[in-house]
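Heads up: the sequence shown begins at 59 in the working numbering, then just goes up one per residue.
Positions of the beta carbon are idealized from the N, C-alpha and C atoms, including for glycine.
Values in this document were obtained by computation on a predicted structure and should not be read as measured data.
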Amino acid sequence: MDNVTVLMEFILLGFSDLPNLQGFLFGIFLVIYLSILIGNGLLIVITKINPALHTPMYFFLQNFSFLEICYTSVTFPRMLADLWSQKRTISFVACAVQTCFLYILGVTECLLLGVMAYDRYVAICKPLYYPLIMNHKLCVQLVVASWVIGVPVLIEETYQIFSLNFCGPNLINHIFCDSPPLFKLACGDTYNVEVSVHVAALIFIITPFLSIIASYGKIITTVLKLPSTSRRSKAFSTCSSHLMVVCLFYGSGSIVYLRPKSSQTDKILSLFYTIVTPMFNPMIYSLRNKDVIDALKQLLQVK
């Protein structure tokens, strides 16, 4: 009977080790979540209604902002509900669904960041061919590919994880369902599944990252050859926002998923790349982008 109970539900410990701060954490995370929804939503509206921003770069940014909203919505409402009600149980199926969507959206973010790097590469290294290469049809195809290319593999990975025999404690020491803490609860040998998860991570995390490095390697080489300092500065400034987001997302995500074993720092790091990156994305792209600032001013002046 105990085994059946464990298989039917898990308990997300989250921040239960801070009982006196539950209300405070709820308030803080609610404000952060609302700021993510408003900030990224506003960025979507701006890039959609302003004709000056109807370019491939802002088309990708529009999709990236929508992705950020979806990504945080997979974990945030559940975390807020747990902090408010103190009921931390999550059903086996809900846990599997959350894990699957978390992986699909995470991989989509990696791929979309790679696509955005390629867009910058074409814009700077092949400016004369940019309108021809980055036509609307190709942009749509790249976005659709980013969303769907990893879905079959990640559904299979999720199935393998939740096909393990969970016969021990059902306490997940994490803020959401994820493979590292789940492996700790599984009975029997999990080596093959862990290897499979790490291989998938290498493919879908490292491959886009390498493409980003390759794109910026060529961008730097091209920019350094420009005769004018102002032109070099302008070229680099168009890439700085994207680079900041890449560093935030990959820096924390790679540490969590590409290490053999998890640790207590995983909670903080997971919180970092699932919350901080989506929260700062609108700020990074608006504060460092004159076109977005001008579009925002125009929007706010409309009565």
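Do you know whose CA, among the options, lies nearest residue i's CA?
{"i": "proline 77", "options": "Trp142, Ile104, Lys348, Gln359", "result": "Trp142"}
{"i": "isoleucine 271", "options": "Tyr176, Phe82, Gly99", "result": "Tyr176"}
{"i": "serine 131", "options": "Ile94, Tyr116, Ala154", "result": "Ile94"}
{"i": "isoleucine 230", "options": "Leu329, Lys242, Met174", "result": "Lys242"}
Count the other CB atoms within 10 Å of the CB of residue i; is the residue buried (16 or more) or exposed (fewer)?
{"i": "tyrosine 249", "result": "exposed"}
{"i": "cysteine 245", "result": "exposed"}
{"i": "tyrosine 274", "result": "buried"}
{"i": "glycine 172", "result": "buried"}
{"i": "serine 299", "result": "buried"}
{"i": "methionine 337", "result": "buried"}
{"i": "glutamate 167", "result": "buried"}
{"i": "threonine 265", "result": "exposed"}
{"i": "isoleucine 86", "result": "exposed"}
For residue i, collect the residues of the same chain with a Cβ closer than 6 Å to its Cβ; drop the 5 residues on either side in sequence, then sort them by chain order.
{"i": "tyrosine 91", "result": "Phe134"}
{"i": "valine 64", "result": "In this prediction, valine 64 has a pLDDT of 45, which is less than 50 and means its spatial position is unreliable; nothing more can be read from the coordinates."}
{"i": "lysine 106", "result": "none"}
Using only the alpha-carbon positions, how far apart do residue i and residue j sit?
{"i": "valine 151", "j": "leucine 301", "result": "37 Å"}
{"i": "valine 268", "j": "valine 251", "result": "As written in the sequence, residue 268 is leucine, which differs from the valine given in the question. Their backbone Cα atoms lie some 25 Å apart in a straight line."}
{"i": "histidine 114", "j": "cysteine 197", "result": "Histidine is not the amino acid found at residue 114; the sequence shown has proline there. Cα to Cα, the separation comes out at about 7 Å."}
{"i": "threonine 157", "j": "cysteine 235", "result": "6 Å"}
{"i": "isoleucine 162", "j": "valine 209", "result": "6 Å"}
Just verifying my parser: in three-state terms, what is the DSSP assignment at residue i?
{"i": "threonine 147", "result": "strand"}
{"i": "cysteine 245", "result": "strand"}
{"i": "isoleucine 127", "result": "helix"}
{"i": "valine 62", "result": "Any reading at valine 62 must be qualified, since the residue scores a pLDDT of 41, below 50, and its modelled position is unreliable; the value itself is stated next. Correct three-state label for valine 62: helix."}
{"i": "leucine 111", "result": "helix"}
{"i": "asparagine 223", "result": "strand"}
{"i": "leucine 71", "result": "coil"}
Which same chain residues end up closer than 8 Å to residue i when comparing Cβ atoms and leaving out the 5 residues on each side of it in sequence?
{"i": "valine 180", "result": "Tyr187, Tyr188, Ile191, Met192"}
Suppose the cutoff is 7 Å on Cβ atoms and the five residues either side in sequence are ignored; what does the same chain contact list for residue i look like?
{"i": "phenylalanine 294", "result": "Val281"}
{"i": "valine 211", "result": "Ala258"}
{"i": "lysine 325", "result": "His232, Ile233"}
CB of residue i to nearest heavy atom of the ligand MG: below 7 Å?
{"i": "leucine 100", "result": "The ligand content of the structure shown is nil, which means the ligand MG is not present either."}
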